[in-house]
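Protein sequence lines correspond, in order, to chains A and B. Just so we're aligned, residue 11 is where the first sequence starts under the working numbering, counting upward by one. Just so we're aligned, residue 3 is where the second sequence starts under the working numbering, counting upward by one. To keep things clear, I will list the structure first and then write my remarks on it.
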Amino acid sequence: MMSLILKISRAIDAVTELFGRYVSWFVLAAVLVSAANAISRKAFNVSSNAWLELQWYFFGAVFMLTAADALRRNAHVRIDIVTSMLTQKTRDVIDLVCHITFLTPFCILMSWLSWTFFLRAALSGETSSNFGGLVIWPARFLILLGFVLLLFQAVSEIIKRIAVLRGVSIDTPSDEGLDLL
Amino acid sequence: MIDLIAHNLAPIMFCSVMAMLLLGYPVAFTLAAGGLAFFVIGVELSPYSNEINLSWPLLQSHPSRVFGIMSNETLLAIPFFTFMGLVLERSGVAEDLLDTIGQLFGPVRGGLALAVVLVGSLLAATTGIVAASVMAMGLISLPIMLRYGYSPAIASGTVVASGTLAQIVPPSLVLIVMADQLGRPVGDMYVGAFVPAMITIGIYCAFVVWLSIFRPSMMPALPLEARKFKGGLGSLAGIIVVSVGVALAAQRWGFTGFASEIRLVASVTLAALFALCVTMLNRKLSLGLMSYLAEEVVIVLIPPLALIFLVLGTIFLGIATPTEGGAMGAAGALVLAFIRRRLNYTMLKSALDATARLAAFVMFILIGARIFGLTFYGINGNLWIEELLLQLPGGQLGFLVFVSLIVFVLGCFLDFFEIAFIVVPLLVPVASQLGIDLIWFGVILGINLQTSFLTPPFGFSLFYFRSVAPDEDWTDPVTTRRMKAVRTIEIYKGALPFIGLQVLVLAIVIIFPGLVTHYKEVPPPIPGGIQQNLPGMSGGSLPGLPGSTGGSLPGLPGSSGGGLPPLQLSPLGASQD
């Protein structure tokens, strides 16, 4: 039973990691679009709202779709001045309880709310109010997808915490790179 | 009982959520969960108190609030500047700067410490990432300073304090986030923070010089055998003078037909390229026109300085928005890394990944704070805080001192993102009611946060530094002498004088608001017709600027104080449309 559930957790982790791995390229895309737009605006006086909007579509994709992977890698900041004095086991219990009572309800609520939010835009084909602006629903879809991914990752984290508390060893991914921030 | 709770829901909520944060669960989700839990409680209790304005349909505003965060152009500058900093950091800019500037100043007593302050400032203006600056300088400069007899405390203090400059020197992330939360333009924030940042750097330098005169044994000069450059300052001065001349000439006679700000940027860029080309030619063809020292300094210093000018200069001149500036800077950093042959897949990918993860956690704290905020404002929590703070004695000054203390204490425990997203929005209405200029307020908060980064025992910079400073006795590979470990208490001792200097800067900025509020004195845009009268003026106004590429940054508006318009740039800025 436990091994089946752990397989589910590993499958979720794999999907999350996939997003985490490829979505970061959108940072580069946003940089290039924004730089190109700035140059063309200054040098040739040509600018377009679609380009301006495209840069934050990219950025939105980056943070909405990386959040789940950041959770997997334990990259969301915590205030650990008190809890660093506790044992690892107590911290695992706190994490488990908070995953269930804090994170999961939040993700369920936000997924549900952003579903209707997305659907309205998708059905009406609404575009942004700026002249020449982009279609709005993809941006709203990112919000929906972000919270759904986060919800799944929360489930995976709950499974992993339970496994750890039962004595199954789980390797937590390291967080190299972020130590410089 | 229910009445009592209903009427005091705001304080109860505030304290409960703060207590929840201490559980050590990710801040973003704790804030969101706290906000939602108290939303439910608030709706249930709303019949008992008319201070509670919450109802279920209000929940539906959350997705559009997330959408608002997403489409916020200001916040877009965060990933751009982070990425720029990471690329520069990973392409070894810090190493080269420290090596060359250290050699340039090393022969003077206290020169290495001075070099650390200057490089710290340059890194702050490019990478803007505290941990990266502190760790790079701790790894590179600390061993050299220890090797040649610097007191471990003063060496540690200088590195920690200089690395932390990234908090206040534009394009710092702190200032971007602060501007967003205060609802003011980032450009104004940068202009406002510029003079206080220069004062801080100046005071750090003055302190080092003072020590080198009165406590010479703490910071000896580099011994002869460790000096790489043997003279050659003359040709360095020569190339600087010639390049400034090129910039002036280009500004006056070149690039006609462009708007004056563009001409300025183009001329300075041209001069920088000129200096770089001359130096490269001199080296490749062994012309012998310039000394080795001059070559090294130009080659190492010009690219980052040019990048700083392109990014900050264009933002200050109003040519580019901070977001555009960040994107240009990030693109420029990629070009620099490519030229230095440090651009490869691994480096690029790790910079992208780190940027993405920083963006995710920062933006999610903001999302969590917005969810907390919806409930907290719905139960009139903002009014509660306002009343509380308005009761403080001493008006403006009392409020500023109190807030400084609070933020300083919080800054010892919390990341600045949390302070900016949770605490700052609560302070803004009070600050406006007391007639406090919000940019000034933001800069004061920024200096505070910078100070708390340095403060033992929890200051973040101290941790970063501790992680790279030798914590057990080590053998110096160059002299093969046994060296003592740097003790944590020595790091604390070294940070103390700099904390004192920070408090001094804070006091100066509070007493002389004009140091910040001069950002307002850039005259309002003048219609294009007037531009024709200006070329002579703008030509004459240039001398202020090339200095900035020539390496003498502190000479800029630091001297213009509050009264004068910032730089001579106002006539240039005026001609923008």
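Built from N, CA and C at the ideal position, the CB exists for glycine as well. As the structure is a computational prediction, the values presented were derived from the model and not from experiment.
- Look at the alpha carbon of R285 (chain B) and the alpha carbon of W61 (chain A), and state the distance between them as a whole number of angstroms. Position 283 of the second sequence, counted from the first residue, corresponds to residue 285 (chain B). Position 51 of the first sequence, counted from the first residue, corresponds to residue 61 (chain A). Cα to Cα, the separation comes out at about 43 Å.
- Please work out which residues of its chain come closer than 6 Å, Cβ to Cβ, to S293 (chain B), disregarding the five sequence neighbours upstream and downstream, and give them in chain order. Here residue 293 (chain B) refers to the residue found at position 291 of the second sequence. Non-local C-beta neighbours of S293 (chain B) in its own chain, meaning closer than 6 Å and more than five positions away in sequence, comprise G234, S237, ordered along the chain.
- Message: Tell me which residue opens and which closes the alpha helix (DSSP H) that A126 (chain B) is part of.
- Response: Residue 126 (chain B) sits at position 124 when you count from the first residue of the second sequence. Segment 113-128, the alpha helix (DSSP H) holding A126 (chain B).
- Starting from H66 (chain A), find everything on chain B with Cβ-Cβ shorter than 8 Å and list it in chain order. Here residue 66 (chain A) refers to the residue found at position 56 of the first sequence. Residue identity check: residue 66 (chain A) is Trp in the sequence provided, not His. Per Cβ cutoff of 8 Å: M72, S73, N74, E75, L78.
- Task: Take every Cβ of the region 352-360 of chain B, pair it with every Cβ of the region 24-35 of chain A, and state whether three or more of those distances are shorter than 8 Å.
- Result: yes
- Message: Taking the alpha helix (DSSP H) that T166 (chain B) belongs to, which residues open and close that run?
- Response: In the second sequence, counting from the first residue as 1, residue 166 (chain B) sits at position 164. Residues 154-166.
- Could you pull out every unbroken alpha helix (DSSP H) segment of at least 4 residues lying fully inside the region 345-382 of chain B, listed in chain order? 347-380
- Item | Residue environment, P515 (chain B), which counts as buried when at least 16 other CB atoms sit within 10 Å | Taking the first residue of the second sequence as 1, we reach residue 515 (chain B) at position 513. Looking at its Cβ environment, which holds 16 or more other Cβ atoms inside 10 Å, P515 (chain B) is buried.
- Message: According to DSSP, simplified to helix, strand and coil, what is K17 (chain A)?
- Response: Translated into positions along the first sequence, residue 17 (chain A) becomes position 7. Residue state, collapsed to three classes: helix.
- Query: Using a beta-carbon distance below 8 Å, is D105 (chain A) in contact with chain B?
  - Reply: Translated into positions along the first sequence, residue 105 (chain A) becomes position 95. Answer yes: the Cβ-Cβ gap between D105 (chain A) and chain B drops below 8 Å somewhere.
- From the beta carbon of T271 (chain B), is the nearest beta carbon of chain A less than 8 Å away? Against the second sequence, residue 271 (chain B) aligns to sequence position 269. By this cut-off, T271 (chain B) is not an interface position.
- Query: Roughly how far, in whole angstroms, is the beta-carbon of I493 (chain B) from the beta-carbon of S158 (chain B), given that I think they are within contact range, below 8 Å?
  - Reply: Here residue 493 (chain B) corresponds to residue number 491 of the second sequence, with the count starting at 1. Here residue 158 (chain B) corresponds to residue number 156 of the second sequence, with the count starting at 1. With 8 Å as the limit, I493 (chain B) and S158 (chain B) qualify as a contact, their Cβ atoms being about 4 Å apart.
- Whole-angstrom distance between E53 (chain B) and T76 (chain A), CA atom to CA atom: One-based indexing of the first sequence puts residue 76 (chain A) at position 66. One-based indexing of the second sequence puts residue 53 (chain B) at position 51. Cα to Cα, the separation comes out at about 38 Å.
- Item | 8 Å Cβ cutoff, K52 (chain A) in contact with chain C | Checking the listed chains, one finds no chain C in this structure; the protein chains it contains are A and B.
- Query: What's the gap between the Cα of G112 (chain B) and the Cα of R149 (chain B)?
  - Reply: Translated into positions along the second sequence, residue 112 (chain B) becomes position 110. Translated into positions along the second sequence, residue 149 (chain B) becomes position 147. Taking the straight line joining both Cα atoms gives about 14 Å.
- Give the straight-line distance between the Cα atoms of E263 (chain B) and S44 (chain A), rounded to the nearest whole angstrom. Reading the second sequence from its first residue, position 261 is the one you call residue 263 (chain B). Reading the first sequence from its first residue, position 34 is the one you call residue 44 (chain A). Cα to Cα, E263 (chain B) sits roughly 21 Å from S44 (chain A).
- Message: Beta-carbon within less than 7 Å of P109 (chain B)'s beta-carbon, same chain only, minus the 5 sequence neighbours each way: which residues are those?
- Response: Sequence index remark: in the second sequence, residue 109 (chain B) carries index 107 (1-based). Answer for P109 (chain B): A223, L224, R229, listed in chain order.
- From what residue to what residue does the alpha helix (DSSP H) around Q504 (chain B) run? One-based indexing of the second sequence puts residue 504 (chain B) at position 502. Note, Q504 (chain B): alpha helix (DSSP H), 490-513.
- Message: Less than 6 Å between C-beta atoms, sequence neighbours within five positions excluded: which residues of the same chain meet that for L175 (chain A)?
- Response: Stepping through the first sequence from its first residue, residue 175 (chain A) is reached at position 165. Hits under 6 Å: D102.
- Is the CB of L155 (chain A) under 8 Å away from at least one CB in chain B? Taking the first sequence and counting its residues from 1, one reaches residue 155 (chain A) at position 145. For L155 (chain A), the nearest beta carbon of chain B is not closer than 8 Å to its own beta carbon.
- Query: Of the residues A:E167, A:I172, A:V56, which one's Cα is nearest the Cα of A78 (chain A)?
  - Reply: Taking the first residue of the first sequence as position 1, residue 78 (chain A) is located at position 68. Of A:E167, A:I172, A:V56, the smallest CA-CA separation from A78 (chain A) is found for A:E167.
- Message: Using beta carbons (cut-off 8 Å, strictly below), is V87 (chain A) in contact with chain B?
- Response: Along the first sequence, read from residue 1 onward, the residue named residue 87 (chain A) stands at position 77. Answer yes: the Cβ-Cβ gap between V87 (chain A) and chain B drops below 8 Å somewhere.
- Measure the CB-CB distance between A173 (chain A) and M12 (chain A) and report whether it falls below 8 Å. Taking the first sequence and counting its residues from 1, the one referred to as residue 173 (chain A) is at position 163. Taking the first sequence and counting its residues from 1, the one referred to as residue 12 (chain A) is at position 2. Yes, the Cβ-Cβ distance between A173 (chain A) and M12 (chain A) is below 8 Å.
- Query: M485 (chain B) bridges to which residues according to DSSP?
  - Reply: On the second sequence, residue 485 (chain B) is found 483 positions in, with the first residue counted as 1. DSSP output for M485 (chain B) lists B:W476 as bridge partner(s).
- Query: In whole angstroms, what separates the C-alpha of G151 (chain B) from that of A195 (chain B)?
  - Reply: On the second sequence, position 149 is the one that residue 151 (chain B) refers to. On the second sequence, position 193 is the one that residue 195 (chain B) refers to. Answer to the nearest angstrom: the Cα atoms are 36 Å apart.
- Can you find a C-beta in chain A that's less than 8 Å from the C-beta of V68 (chain B)? Locating residue 68 (chain B) in the second sequence gives position 66, where the first residue counts as 1. It does; some Cβ of chain A falls within 8 Å.
- Message: Is there a C-beta anywhere in chain A that falls below 8 Å from the one on D473 (chain B)?
- Response: Counted from its first residue, the second sequence places residue 473 (chain B) at position 471. No, because no Cβ of chain A sits closer than 8 Å to the Cβ of D473 (chain B).
- Grab me the residues of F162 (chain A)'s own chain with a C-beta within less than 8 Å of its C-beta, minus the 5 sequence neighbours each way, in chain order. Translated into the one-based positions of the first sequence, residue 162 (chain A) becomes position 152. Cβ neighbours of F162 (chain A) beyond the five flanking positions: I22, V25, T26, A78.
- Taking just the CA atoms, how far does A48 (chain A) sit from R372 (chain B)? Walking along the second sequence from the start, residue 372 (chain B) turns up at place 370. Walking along the first sequence from the start, residue 48 (chain A) turns up at place 38. Approximately 31 Å between the Cα atoms of the pair.
- Message: Against M349 (chain B), what residues of chain A qualify as contacts under a CB-to-CB distance less than 7 Å, listed in chain order?
- Response: Here residue 349 (chain B) is taken as the residue at index 347 of the second sequence, counted from 1. Those within 7 Å of M349 (chain B) in chain A number zero; the least Cβ separation is about 11 Å.
- Would you give the residue range spanned by the alpha helix (DSSP H) that G448 (chain B) belongs to? Working through the second sequence from its first residue, we reach residue 448 (chain B) at position 446. Looking at the DSSP string, the run of the alpha helix (DSSP H) that includes G448 (chain B) is 440-456.
- Which same chain residues, not among the five before or five after S269 (chain B), have their C-beta less than 7 Å away from its C-beta? Numbered from 1 along the second sequence, position 267 holds the residue referred to as residue 269 (chain B). Correct list, in chain order: A249, A252, Q253, G256, F257.
- Please classify T111 (chain A): is it buried, with 16 or more other beta-carbons within 10 angstroms of its beta-carbon, or exposed? Here residue 111 (chain A) corresponds to residue number 101 of the first sequence, with the count starting at 1. It is exposed - the Cβ of T111 (chain A) has fewer than 16 other Cβ atoms within 10 Å.
- Query: Where does V56 (chain A) fall in DSSP's three states?
  - Reply: By one-based count along the first sequence, residue 56 (chain A) stands at place 46. Coil.
- Item | Span of the alpha helix (DSSP H), counted from its first residue to its last, around Y206 (chain B) | Taking the first residue of the second sequence as position 1, residue 206 (chain B) is located at position 204. First-last of the alpha helix (DSSP H) with Y206 (chain B): 188-216.
- Task: With distances taken Cα to Cα, identify the nearest neighbour of D190 (chain B) among B:I317, B:I438, B:I103.
- Result: Position 188 of the second sequence, counting from 1, holds the residue named residue 190 (chain B). Comparing alpha-carbon positions, the option among B:I317, B:I438, B:I103 lying closest to D190 (chain B) turns out to be B:I317.
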